[in-house]
Amino acid sequence: MRSGRWPPTASHMRLEIRAAAVNRAVFGISTNLNDRTLTVARDELARLLGADSRLTEIQIELANPGEDCRITGIFDVFEPRYKATGPNFPGVIDRIGPVGDGVTAVARGAAIMVMNALPDRHKLTVDMTGPAAEFSPYSHTANICVRAQPAAGVERPAYYRALKEIGVKASGYLGEAANRAQADSVEVLELPHQSDDTGRPRVAYIYMLASQQMPTEADEPILYGDNVRTLLPTVIHPNEILDGAIVAPYWNFGGDTYAIQNHPMICELYRRHRNDLAFAGVIAIIAAETEAGRTRTAIMAANLARETLRADAVVLTKYGGGIPESAAMETYDACEALGMKGAMVLWTHGGDGRIEGSLTFMSPRADAVVTCGINEQAIDLPPVSRVIGSSTIGPLIMESEDDVRPANGPLHLRFLFLAGAADQLGGGRRSIEEY
Amino acid sequence: MEPIRIVHYLNQFFGQLGGEELAGIKPQIKSEAIGPGRVLQARLGASFEVVATAICGDNTFADNPEAAAEDLTALISEFRPQILIAGPAFNSGRYGQACGQLCASIQEKLAIPAITGMYQENPAVDQFRNRVLIVRTGPTARTMGEAIDQIVSLVKRIAAGDPLDRPAELGCFPHGMKRPVVREQIAARRAIDMLLSKLTGQPFTTEMSVPVFDRVEPTRLKLPLSEATVALVTDGGLVAKGNPERMPNGYTDRITAIPIHGLDRFTTDIVEAHHGGYDTQFVNQDLNRLTPLDAARELERNGVIGKLHETVYATAGLGMSISNAKKVGREIGRRLLDQGVQAVILTST
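Here the protein sequences line up with chains A and B, keeping their order. In this text, residue positions in the first sequence follow the numbering used here: the first is 18, and each later residue adds one. In this text, residue positions in the second sequence follow the numbering used here: the first is 535, and each later residue adds one.
Written as structure tokens, this is what we have:
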């Protein structure tokens, strides 16, 4: 006998994103979203975030677009979102449960900046006005900046886990205000099961969501709370990715959680689905730390793309630095060897300016590569009158030990460290020209 | 309007001094157009004047390129040129080398445009195209007419103040360099566009072309391994404890030299790994897993290798440009050769 749940009531996963627009954030008595203004009850939010024995000295500041203000020491960025049915970011605080289906409310135009109080060579900065605004999406969002110190005796991994948790808490808390507000737009995301074989090419997305060149921590929550230490290629519905299944790794190298919630490649594939292509699905992979791991990933991802997703073509993005380039190339080659066409989004190493030094490894067959810019390239930012976060910046990766600058001064900053400007998920317009 | 002043450079052959027997003649200059220079002058017209022709023997230049370029630059500067044209050199190796070197020198010292022309297989193309505009020519002087037409067209564009930043559009070899740009569409859209073009057989242009790398053939060991001096080298960021040589943890052209005399194995009070591109926590527990000193000493004791070299050289290979990698490689190689080393075990991370 079949159970009463057969056939299922819904035939496929369907995500409704109800977005309430936010133009600015202000502090007030109670948290709500009215008239495109997100009012934040500072003390209430601080109490919520401070209910964590790993953290002390919770500080909350606001930064709105156009302000003469710099935010420094950014660890991760979250978009305020709330799923009334839950779970929100399953496996971080909420129990593991399904996401990607149902209704999710979004405060569109707001962002939560979670800041890292420990020295770390990979902390991000953003200016709310000036030249940074051409390159960072976060110059244009109303930013709720949350900063917390590690409590005495709390080690770095536990502190970082706590930072992810306050990002998730703040996202849900502010997203709830959007849930109570009138939606300005409703978007439905779905890939119905009926045959899409109408002559459009089936395109799968192979999404490298982390690199194990810097091994993830034991309790680092990335995929449904899992640390993806040994992730094998996994087919995942794009809605799950947009709806909180994935949190950026602690080593945030060109893809904040906000960017994952608004994943540019997934959004682009959805936009073109049933127009000039059929979105075949997503395969999540990691850059494994061993050669065997990378080869295993390449073979399995290619097989899943062709045999399970029935893809004619794949587009691939990477995460992290050197080894992910080998991992991406090997996966690309495996896909092409099975007869699928491939394209990749990769960043470019500047080196001495010659084309030869653009990547640590490049397949001779990699003939369709889009670049998200030269990773050493820097931008000069003018001084600012207000700083949220640490009073100094640096030393960052590629900088010497004494490269410590006052945070409010003029700043020569590599794009890697301008939040959102080195987007390895494909959201940026920076590129290179060979000449 | 005064005509634009051009100095032309030729080798002894095209300078009509003589053939290979005169390849040793010294740099000289004549205040007239000679040989192909006359054709140039005729096709450039009255707005340009070839005011002088500098000539040097191919061997003289090849024997000491810096000195020849310096002497020629001094001679040429007397004529206050606004543009230098060298060659074209077609597929001639030494002549191409001279044209490339002279153009580079003139651009740098006199701050004027300097152009030349070569055939794609001329080795000087790869050597100078990154900084010199080299017009694409045929392989031999039989294509002189077309080559001069190309050069004339380029000279006219230079004189008109046209942008020169896309050499391929000027009929020249691309510089093989890259520069940042901001594009209209986000990377995700560009990638899907490119993928669909590729899928449907439409033309598309990759944003990062596949590079062509040198192939380094491993050298054969010329004596038995049991008689050879073997050195350990690593790009994994090995430094003496506390990094007294102040080697950066990446993006560097620096090396470290670590004495291992009297050491049977590395211990953490002597060395550490300083490298920003991989997780160093495990090798920092046992540095012999980065640079296998313990195993190499055992091979030395057992007579498998003749002798272990008493200095370990290291660098941090993270984000290292190819030019820096070549520099570092040459420096370590030179020291090892000077110190009588015949074989190297290079451990990479």
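Glycine included, C-beta positions come from ideal geometry on N, C-alpha and C. Values in this document were obtained by computation on a predicted structure and should not be read as measured data.
Item                                                                                                                         : Value
Nearest candidate by alpha-carbon position, reference Thr307/A, set Gly374/A, Pro107/A, Arg246/A and Tyr267/A                : Arg246/A
Assigned secondary structure, Phe152/A (DSSP; H/G/I helix, E/B strand, else coil)                                            : coil
Segment contact, 8 Å Cβ cut-off, at least three pairs: the segment 218-234 of chain A with the segment 79-95 of chain A      : no
Below-8 Å beta-carbon distance, Asp828/B vs any chain A residue                                                              : no
Neighbourhood of Gly445/A by C-beta distance below 6 Å, restricted to the same chain and skipping five residues each side    : Cys389
Same chain only: Cβ atoms within 8 Å of Glu680/B, ignoring 5 sequence neighbours per side                                    : Thr671 and Gly672
Contact test: Thr158/A Cβ vs the ligand HEM heavy atom, cutoff 7 Å                                                           : Annotation note on the ligand HEM: not contained in the displayed structure, which lists no ligands.
Cβ neighbours of Val264/A in the same chain (closer than 7 Å, five flanking residues each side left out)                     : Phe106, Val109, Lys181, Pro238, Ile239 and Thr274
Pair within 8 Å by beta-carbon distance, Thr334/A and Met282/A                                                               : yes
The segment 716-725 of chain B / the segment 679-694 of chain B touching (three or more Cβ pairs under 8 Å)                  : no
Test: Asn598/B CB closer than 8 Å to a CB of chain A                                                                         : no
Cutoff 6 Å; reference Ser639/B; Cβ partners in own chain excluding five residues on either side                              : Ala603 and Thr607
Beta-carbon separation (whole angstroms), Val387/A vs Val362/A, contact threshold 8 Å                                        : 5 Å
Backbone CA spacing between Asn545/B and Arg754/B [nearest angstrom]                                                         : 40 Å
Chain A residues whose Cβ lies nearer than 7 Å to that of Ser857/B                                                           : Asp369
Residue range of the unbroken beta strand (DSSP E) whose run includes Val862/B                                               : Taken as a continuous stretch (DSSP letters only), Val862/B belongs to no beta strand (DSSP E), being part of the alpha helix (DSSP H) at Ile856 to Asp872.
Phe15/A - DSSP class collapsed to helix/strand/coil                                                                          : For residue 15/A there is no data in the structure shown, the boundaries of chain A being 18 and 452.
Per DSSP, cross-strand counterpart(s) of Ala384/A                                                                            : Inspection of the sequence shows that residue 384/A is occupied by Asp rather than by Ala. Paired residues: none, contrary to the question.
Chain B contact for Met231/A (CB, 8 Å cutoff)                                                                                : yes
Inter-stretch contact at 8 Å, needing at least 3 Cβ pairs: the segment 62-76 of chain A / the segment 165-174 of chain A     : yes
8 Å Cβ cutoff, Ile720/B in contact with chain A                                                                              : yes
Reduced DSSP category for Gly571/B - H, G, I as helix; E, B as strand; rest coil                                             : helix
CB contact below 8 Å: Asp144/A versus chain B                                                                                : no
6 Å Cβ shell around Glu257/A - same chain, five flanking residues per side excluded                                          : Val116 and Gly117
Per DSSP, cross-strand counterpart(s) of Gly770/B                                                                            : Ala850/B
Contacting residues, own chain, Cβ-Cβ under 6 Å from Leu821/B (five flanking each side not counted)                          : Phe800 and Val805
Cut-off 8 Å between Cβ atoms - residues of its own chain near Ala179/A, not counting five sequence neighbours on either side : Asp69, Arg71, Leu72, Ala165, Pro167 and Val171
Local Cβ density within 10 Å of His210/A, reported as buried at 16 or more and exposed below that                            : exposed
Nearest candidate by alpha-carbon position, reference Asp597/B, set Gly558/B, Glu583/B and Gly630/B                          : Gly558/B
Interface positions of the segment 793-811 of chain B facing chain A (Cβ-Cβ less than 8 Å), listed along the chain           : Gly810 and Gly811
Cβ pair Tyr349/A, Gln441/A closer than 8 Å                                                                                   : no
Range covered by the alpha helix (DSSP H) that runs through Leu821/B                                                         : Segment: none, Leu821/B is in no alpha helix (DSSP H) and carries neither H nor E.
CB contact check: Met742/B to chain A, cutoff 8 Å                                                                            : yes
Ile34/A, DSSP secondary structure in three states                                                                            : strand
CB contact below 8 Å: Lys140/A versus chain B                                                                                : no
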